[in-house]
Amino acid sequence: MSNFFALIPAAGSGSRMHNELPKQYLPLNNRPMIYHAISALFQNHRITRIFVVLAPNDNEWIKYDWSEFSEKLTTLNCGGATRAVSVLNGLTAAKQKNLIGASDWILVHDAARPCLTSIQLEKLINQLADDEVGGLLAVPVADTLKRGNAEYRIAHTESRENLWQAQTPQMFRYDLLTTALRNTANIHITDDASAVEALGLRPKLVLSDTYNFKVTYPQDLALAELIIQKRNNP
Ligand code: C5P
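Each residue of the sequence shown is one higher than the one before, counting from 0 in numbering that gives the first Met the number 0.
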């Protein structure tokens with residue numbers, strides 16, 4: 000029987016938010032944004048531990064009370080220069096604590112996706128628990144896609160047929176994910192599935208919805224706040 004673990008890379012600076020405070024700590028419904036990601040993972044009964052990968056110089060985490068999650072929460076102060084490095088460092092540190100087996104499932108989830116629902120999470124786990132490769136939540140691209148040039152003119156229109164937007168959680172077995180991330184250490188990748196694809200494997204796309212968007216720009220924060228408020232007061 001494989002175990003299910005979650006890992007949240009939370010060592011980014013969130014430069015596109017134009018805020019001194021790293022994105023994962025921006026206030027969202029009176030909580031730091033990462034609280035909502037942890038809470039969604041914590042409520043899933045199959046996930047037995049949540050690793051949060053912080054920057055080595057993080058001095059925000061200790062300012063908050065995390066005791067409601069303490070039975071499942073482990074922080075690792077080993078974030079790196081990129082998301083991929085933070086994930087790989089976190090996986091390595093977690094293994095050193097003898098907490099993970101080679102074939103255990105790891106669900107990597109961005110701290111900046113606060114609107115993940117229990118239904119999406121359950122669907123991901125159910126669809127992938129017996130899969131050979133693993134996969135991720137994703138949504139089909141809705142907009143028409145333009146390839147721009149340096150002069151802000153359209154070079155051409157991309158077909159959106161079979162195009163998906165990758166979300167998180169992305170769920171892979173421990174050994175496969177660490178091997179894949181080591182293999183792509185010198186390539187710029189922005190998600191975990193890209194590393195697995197580089198091994199010639201085909202991660203599964205599990206249909207999600209746009210509520211699970213990533214907070215990237217200041218206006219995204221207002222939208223996430225509205226969604227969470229509506230859920231708390233239906
Ligand atoms: O910057 P971006 O939105 O792609 O970040 C996605 C996730 O990766 C965030 O949770 C962020 O904190 C994390 N990250 C990280 N280490 C980095 C860069 C990003 O853990 N060096």
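Glycine included, every Cβ here is placed at the ideal spot set by N, Cα and C.
For Ile153, the enclosing beta strand (DSSP E) covers residues Ile153 to Glu157. Taking every protein chain shown into account, the CB of Ile37 has 16 or more other CB atoms within 10 angstroms, so this residue is buried.
Counting C-beta atoms within 10 angstroms of its own C-beta, His35 has 16 or more neighbours from the protein chains shown and is therefore classed as buried. Set against 6 Å, the gap from the CB of Asp57 to the closest heavy atom of the ligand C5P is not smaller. The C-alpha of Val205 is placed about 7 Å away from the C-alpha of Gln126.
According to the DSSP assignment, Thr178 belongs to the alpha helix (DSSP H) that extends over Tyr173 to Asn182.
Looking only at Phe3, Gln42 and Val51, the smallest Cα-Cα distance to Gln23 is reached by Val51. Of the other Cβ atoms in all chains shown, fewer than 16 fall within 10 Å of the Cβ of Gly199; this residue is therefore exposed. DSSP lists no bridge partner for Arg82. In this structure, Leu87 keeps its C-beta atom at 7 Å or more from the C-beta atom of Leu144.
The three-state reading of DSSP puts Leu90 in helix, counting H, G and I together.
Here the C-alpha atom of Ser69 lies approximately 10 Å from the C-alpha atom of Ile49.
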